[in-house]
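Heads up: the sequence shown begins at -7 in my numbering, then just goes up one per residue.
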Amino acid sequence: MTALTVVVPTYDAAPWIAATLRAVLAQAVTDLEVLVVDDGSRDGTVDVCRALAATDPRLRVVALERNGGVSRARQVAVEQARGEYLWLVDADDHVAPDAAPALLAAARAADADVVLARARFVHADATTRAVPSPVPGTLRGTDVLRALLRGEASGHLWNKLLRRDLLRPDDFVPAPVHSDLALTAAALGRARTAVSIDAHVYDYRLRSGSIISTLRSRAESLRIVGDAVAATAAAHGIGPGDPDYDYFRCRYITLSAVKDLVATSDRPDGTRLRALRREIGPRELRVLAARRDTRRLALAVTARCSLPAHRALLALAAR
-7 MTALTVVVPT
3 YDAAPWIAAT
13 LRAVLAQAVT
23 DLEVLVVDDG
33 SRDGTVDVCR
43 ALAATDPRLR
53 VVALERNGGV
63 SRARQVAVEQ
73 ARGEYLWLVD
83 ADDHVAPDAA
93 PALLAAARAA
103 DADVVLARAR
113 FVHADATTRA
123 VPSPVPGTLR
133 GTDVLRALLR
143 GEASGHLWNK
153 LLRRDLLRPD
163 DFVPAPVHSD
173 LALTAAALGR
183 ARTAVSIDAH
193 VYDYRLRSGS
203 IISTLRSRAE
213 SLRIVGDAVA
223 ATAAAHGIGP
233 GDPDYDYFRC
243 RYITLSAVKD
253 LVATSDRPDG
263 TRLRALRREI
273 GPRELRVLAA
283 RRDTRRLALA
293 VTARCSLPAH
303 RALLALAAR
């Protein structure tokens, strides 16, 4: 079995994919496989990948005929991966030169199912923002999943190493965006042990017009992903009334969905908005207050009580 498979889903990534693949192939891992699944690109991405594969046998390229979304591309890749561990990265980001060796060494040393590491968002103006990661140490049992629910670990895939057998076909939900959150939750829910390391492994580049920065594309995805994470949590006896679950639900799903509705239209879907506002009750406000999450507490109070004030807060936060 190969030690590590780096999975790279691609779609119309011709300007960036070569640099990303070269950085991945340069990782000092002896037993390495790099698996690209192209999701029906129209801009020559496949040709770039195949040209690189012709020079390096560690790189395999799978070209899908039709665009089916990043979740489907990842599923195809995971089904064909040979590695004991998987690292899922995006086609247009920056991986640190020593990232893969650090992740794999940590997994081996602790016999961990998951390794969590540091990463950051890099905006178009070169400003950065750190991605949440637990303090260095070991997590066991349900504490692995709870780290995600509490916001200590992010829902992103690219700053984590996962043992391949943590993932199942049903984990790949058909959400255009945020599907990595559902997949991350499923993997963390099955993990016996996870180790968090003090190593920076990844820069996620936020580009204007990308799907993650387009609020209109997120509403249905948030519902699908929220249901998937709820199912994972329920399998561990975690659900409404549990402070960790209530914090996750309010922070990641409800407030995000309210933001999408009020920030993209002066006349949002009233029925959907009323349902979301009803989800922000005294219990959710108490959880936010107990976590001393003053920013989201203010957003929750205004979302529940005053949409004009909520819009003003969102505008202030976007500056």
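Glycine included, every Cβ here is placed at the ideal spot set by N, Cα and C.
Who are W79's beta bridge partners in DSSP? V(-2)
Suppose the cutoff is 7 Å on Cβ atoms and the five residues either side in sequence are ignored; what does the same chain contact list for D105 look like? R155, L158, A183, R184, T185, A186
Use the C-beta contact count for T294: other C-beta atoms within 10 angstroms, 16 or more gives buried, fewer gives exposed. So T294 ends up on the buried side.
Give me the Cα-Cα distance between V(-2) and S298, rounded to the nearest whole angstrom. C-alpha separation (whole angstroms): 46 Å.
What does the alpha-carbon distance come out to for the pair D234 and I245? Distance between the alpha carbons of D234 and I245 is about 16 Å.
Best match in A174, A292, I230, P124 for proximity to K251 [C-alpha to C-alpha]: Comparing alpha carbon positions, the residue from A174, A292, I230, P124 closest to K251 is A292.
Considering only C-alpha positions, which residue in the set A109, D4, L198 is nearest to D90? A109
To the nearest angstrom, report how far apart V114 and A122 are at their CA atoms. 9 Å
From V70 to A282, what does the alpha carbon distance come to, in whole angstroms? A straight line joining the alpha-carbon of V70 with that of A282 spans about 39 Å.
Residues bridged to R288 (per DSSP): Partner(s): none; R288 has no beta bridge.
Three-pair Cβ contact test at 8 Å for the segment 43 to 56 versus the segment 11 to 21: Judged by pairs of C-beta atoms under 8 Å, the segment 43 to 56 touches the segment 11 to 21, as three or more such pairs exist.
What number of angstroms, rounded off, separates the C-alpha of V136 from the C-alpha of A226? 15 Å
So, are the CB atoms of V62 and P1 less than 8 Å apart? Taking C-beta atoms as the reference points, V62 and P1 count as a pair closer than 8 Å.
Going by Cα to Cα distance, which pick from V217, T224, D162 is closest to T134? T224
Starting from the N-terminal side, write out each stretch of the alpha helix (DSSP H) that is 4 residues or longer and does not extend beyond the segment -4 to 54. 9 to 17, 37 to 45
What is the residue span of the alpha helix (DSSP H) that G218 lies within? 211 to 226
Would you check if the distance between the CB atom of V68 and the CB atom of V29 is smaller than 8 Å? yes
Run the CB neighbour count on L120, radius 10 Å, all protein chains shown included, and call it buried at 16 or more, exposed below. Rather than Leu, the amino acid found at residue 120 in this sequence is Thr. Burial call: exposed.
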